[in-house]
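All residue numbers for the sequence shown refer to UniProt numbering, where the first residue is 1 and numbers rise by one. Just so it is clear, CB atoms sit at the ideal spot from N, CA and C, and this is done for glycine as well. Following: one structure in structure tokens, then a few remarks.
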Amino acid sequence: MQLYVQRLLGGDATVLPLILYTIGEYSSSFSALAPWEKSLYQHLVKLLLVAGKHLKNDTHNITQSVAIEHGALAQRILCTAFLRGGDTAAEVCRSLLQVGIRGCREMRLDRYIDISPGILEHVLQFVLFLTKLFHVRPSDILTGHESNQRAEHAGRAHTFSPSLPAQWGFSENSRLESSGNGIVPRRSNHRRWRDLPGKPSYVPSRQNPLYSDREGEGYWIPPQFPTPVLAFARKFGIGCEPHLPNLSVSLLPTTLLGSGASEDPHFIVRSPSIVASRRLMEARNFEQQGDSLFSRYLSNGLLLIWGSVVAFNGLENFATEFESESGSTFSDAFFFSPIVLTPPIPVVSMTCGAKSCHVVTVENEVYSCGSNEHGQLGCGQSKDTTLFFPRIYGDGHQCFYHVPLCSEDRIVKVEAGSEFVVAVIRERNQMYFWGGNDCDQCLLPKSQTVSRPVMVDVPKEYGQIKEVACGSVFAAVLFSNDRIGVWGKDSVLGVTLSSEQLCDTETGTGTKCARHTIVSKPIEGEIVALRAGPFHCIAITSAGHAYSWGVDRSGSLGHGTGDSGNKIQRIESLANHVVIDASCGSFHSAVLTRDGIVLVFGENTCGQLGLRGEAPRTTPEPLPLPKPAIAISCGREHTCVLLEDGDIMSCGTVRSCGMGLGYGARFNIPQRIFWSYLLLSMASKSIHGMAVGLPRSLSLHPVGASNGIFSTDELRRLKQTILRQGVRTVAAGNGFLFVVTVAGEVQAIGQSQRGQLGIGDTTIPCTDTFKKVAFPERVVLCAVDCGADYAIGLSSHCGVYSWGWNSHGQLGHGDSVPLHESLFTPREIKALRWREVTQVACGGTFAVALTQEGEVYTWGESLYCGHPRVVTPCLTTPMLLEGLKDVVAVAAGVSHAVALSYDHKIYAWGRGPLGNGGSCNTIECTPVVLKFAHCVRQLGCGPFNTFAITDLGELFVWGLNDHGQCGVHHCEGPPPSWDEGLDPHTDRKPERRQRHATSSSEVLFPTRVAHGVRDAAFGVSCGILIWEDGSSAVSGEIHQDGKKVLFHRFTPQRLAMTSRHQNKEGNSPHVLGKESSPVFFSRCFGGFDMLFVLLEWERPSATEVAGAICNMKACLHSPRTASGGVEKKEKRNV
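As structure tokens, then:
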């Protein structure tokens, strides 16, 4: 094979058929990436690009025919290699992502479809592969209308793609887009729009003729009625509604579905009335100009902070603020979950230093918080003028100190280095400096600390200042004539300086620095952006080219050479991308392209690149994201990405990425954070970050029946609480439920005879009203998980608390709590007090804990604890599971557990099916490694099954499937009727039911059931998934209208709402359509016998989010109006 590849790289394309045949045989064995594969796939992509540029309409030209044949073979080789999975699939994806969507369009795949029908199947397979890879429609890849229709029809038909062995993570009938194993598309019923005709027909119709729902069709047809579409739909119904399961989800009550149902909760602004009136005036100004989202932000915006406590409270306040009885711990130094503040004046810009934070308000005032060790707060030592940002939950507040600047100066940019800050004045060649000055980064000689802002003049001959970027001990400024000025430490300036331009610093270390601005024009073309990290810098031109310089540690400059960046050089590996923004961490970087793709490079020891493994990347590689990105921000150990819909995804360490406790230890695949908020802007530095945005309008709803544990009134009260406080997590056990809000309040309801609720009352066997869990004073819960009759919670200081029934020692308190006794109030597990636990998982009679160091502890029924040499039936105290190292996430079912390692290996132990081929009669006493070739974004367990969501959004499921809860149906014949599969009292022949059970009751290997998945959860008899477009589907046994309904595959669900005028007897539910009340499925939660979904109301579109961000930026760069508002500029794409 290597010989064939060498011949191909030498220009001999006649070996392509041999390579296709050989790679097909080669793919039959699971192996690592061969040394020749990377160059092969890159050459094939280049071959397609070259062929696309030279393809013409002359079908009789022999040269053209040969080019088409070679291109088709290259496409088949790429698809075949991708289906091998593992590192090979990743390398194929990487080669295609490097050319981007624009490059794929330049391949002109339409010509292959139009010219040669014989290769149509293979070309369409390649097109569908590209649409899945880039998360786009065929029209984004193909340019011809006919070709688009063929590709869309092929995507619906699912008629091709070879099968793969199940142990590789694919089902027996696995395809790129297959329905044989339960894969369903994101859009229900495959609807697509058609252009309306110019003249309507006047033929009457009994049903809506816009849609044909006959089997095998599923497409829009032209209208045949004289009335508008909406009027017809209101009168006769939408007509195109598929027959989907009505889950009888009780939505918001009628009183909340009125005018105020979709509005965000109004939080109290704890500020003087004059300031509050300013906020309302600003909001009214933008509301009149048409931007309702930004208007809502100005009147009710929030500030979120997370990470290092020192960066917000300073060194002097750290000891007193987080003093505890047991002394200062690792958890005391960090805000793992965000602290939510209410700014009395709206924040429109922010920046972070190494140990400080700085914000600019809509009043053009600058405020700082954090450490003032080097004067970086800019307020001197007195700190007389302060502004209190109240916490949205509780009585605390965050103190920001006013930076005294001239009130007549209009600040358009504030940028913080590690220990110094620069503020740029609008339309003036002057800047304010304050903070550390040990390398003359403040341009003030003979002064190591500048405690208050000092104005410094900048040379006027180079034009006005457009951008400024600050590093650890250097800074760079961009002038309007596209020249760059640099100063500070010489090794990171990117220019060669003479001895006359350098001088020694006063630190006594022999460090050389430039005390004056060194101006040069090293880059041709217009420079539009300048970004800096502590040790390197990136510049971006209007043509989308990126240049970098500074310290090239671990490939942070993206040149792939490893040499020090003493000169400003273009990042050649980004030549195929149009770069529009960048962010620099300490030793890694991220760039954002015009297509919304994020590429990362540099150090990856903490998972900050969001890519597999710890190896650094010396050249840019794409970050797997579910949607296009619009902003990026890098710290030392993390990377944050703002998506177009206002969600933030983050990767890195748990202490800096903002994910919060309860989800894992490290995240080297981007994860969504801050689910309850819509974010508009963010900033990061070192191990902390900030963001501004709005609370989302959320409500929690049970899927099907809620096991009767709470009434309609309690559900209504819960929804109102979540509207005010948001929701952090939901956990359910056998007949009881916990809801944890963002404020840390824990509400419990259900069975309590064994202390499961932890409310401290031993006389109440069951409660049908929500009650607060009786935690000790000053304990704030971040996460909770439930076993059969017990629960374990994780506090904000990594404390582990347990309560409930101690049948097998699963409470973890040793001899202090005897077996078969109950705890009615939460008690801390002392054995884990100093272990820095970041996640807990509860099995039926055992428990699992994961520490910040990647160690796993288990206790409870020893059969399921994974220890090989334990002879006692119960472990009453946590015991280290020595077989597992460097674990990043854990999960547990009733009798099994799984763990995910940093290199994306899945370990499983307990009762099967575990995913290794063993049945439910198999018990693995020690962890076994599953053969799973994909990078895992989320790993979880239902009571008797396991699921994994990959970095590309594919959902794999394995385990018990006796009710179809896995969404996998392997029966060759027609499935049994719903009555046969669900009625426990049926008198039909048992042989038929037994045959169905043996054929599909177990899924022995990880099987793909859906793609484009946002979240998933499973119960005993059913499962639910949520797609990225906000729709949802269910599988398994669902309780509906007092009956049980069975769905063998994941089937899209609809929402039913009680009508405003529904009588007491009850009428048919009103189905919510997009025109009446848009609803977005945000998250889902599973438990032993309950499933819940989190819905968002009136979710803003990507266009609305982009418009609000543009208006926020305009607040800095536009002059004030007479009414005190900001002149609104024309919206532009972000």
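If one requires a minimum length of 4 residues, no alpha helix (DSSP H) run lies completely within the segment 777–849.
Considering only GLY435, PHE312, SER447 and VAL362, the residue with the shortest C-alpha distance to HIS397 is PHE312. Straight-line spacing of the CA atoms in ILE484 and GLN441 works out to 16 Å.
Pairwise C-beta distances place the segment 467–477 in contact with the segment 525–542, as three or more of them are shorter than 8 Å. When DSSP states are grouped into helix, strand and coil, THR1103 belongs to the helix group. For ASN916, there is no enclosing beta strand (DSSP E), as DSSP marks it with neither H nor E. Leaving aside the five residues that flank SER451 on each side, the residues in its chain whose CB is nearer than 6 Å to its CB run, in chain order, GLY375 and GLY380. Short of 6 Å from the beta carbon of GLU603, and not among the five residues preceding or following it, lie these beta carbons of its own chain, in chain order: SER554, PHE587, HIS588 and PRO616. In this structure, the alpha-carbon of THR721 lies about 12 Å from that of GLY744.
Counted as a single uninterrupted DSSP element, the stretch harbouring GLU524 is not any beta strand (DSSP E), since DSSP gives it neither H nor E. In terms of Cβ geometry, VAL1009 and HIS701 do not form a close pair [threshold 9 Å]. Looking from the CA of THR131, the closest CA among LEU96, HIS145, ILE113 and ARG111 belongs to LEU96. Linking ILE580 to ILE527 through their CA atoms gives a straight-line distance of about 11 Å. Around the beta carbon of ASN921, fewer than 16 other beta carbons sit within 10 angstroms, so the residue counts as exposed. In the DSSP assignment, VAL454 falls within the unbroken beta strand (DSSP E) covering 449–457.
With distances taken between CA atoms, PHE674 lies nearest to THR741 out of ILE764, PHE134, PRO628 and THR741.
The Cβ atoms of LEU78 and LEU44 sit closer than 9 Å to each other. Straight across, the Cα-Cα distance linking GLN430 with LEU444 is about 14 Å.
By DSSP's assignment, GLU419 forms no beta bridge with any residue. Exclusion of the five residues before and after ALA631 leaves LEU642 as the residues of its chain whose Cβ lies within less than 6 Å of its Cβ. The beta-bridge partner set that DSSP reports for MET1 is empty. Distances from the CA of PHE294 to each of LEU678, CYS1022 and VAL773 were compared; the closest alpha carbon is that of LEU678. Within the same chain, SER583, VAL598, VAL600, ILE632, CYS634 and THR639 come within 6 Å of ALA590 by CB-CB distance, once the 5 residues on both sides are set aside.
In the three-state scheme derived from DSSP, where H, G and I count as helix and E and B as strand, MET1090 is classed as coil.
The three-state reading of DSSP puts PRO626 in coil, since its state is none of H, G, I, E or B. LEU599 is bridged by DSSP to VAL591 and PRO622.
Between the segment 678–691 and the segment 339–353 there are three or more inter-stretch CB-CB distances shorter than 8 Å, so the stretches are counted as touching. Distance from ALA791 to PHE738 at the Cβ level is roughly 7 Å; contact confirmed, criterion being Cβ atoms closer than 8 Å. If you compare the alpha carbons of GLN965, LYS1113, ARG1099 and GLY1030 with that of LEU1091, the shortest gap goes to GLN965.
Between GLY1086 and ALA748, the CB-CB gap reaches or exceeds 9 Å. Taken atom to atom, the span from the alpha-carbon of LYS512 to that of ALA543 is near 35 Å.
Rounded to the nearest angstrom, the gap between the Cα atoms of LEU939 and SER1031 is 21 Å. Counting along the chain, ALA582 sits inside the beta strand (DSSP E) bounded by residues 579–584. Within the same chain, and ignoring the five residues on either side of LEU863 in sequence, no residue has its Cβ closer than 6 Å to its Cβ.
Taken through DSSP and simplified to helix, strand or coil, ASN668 comes out as strand.
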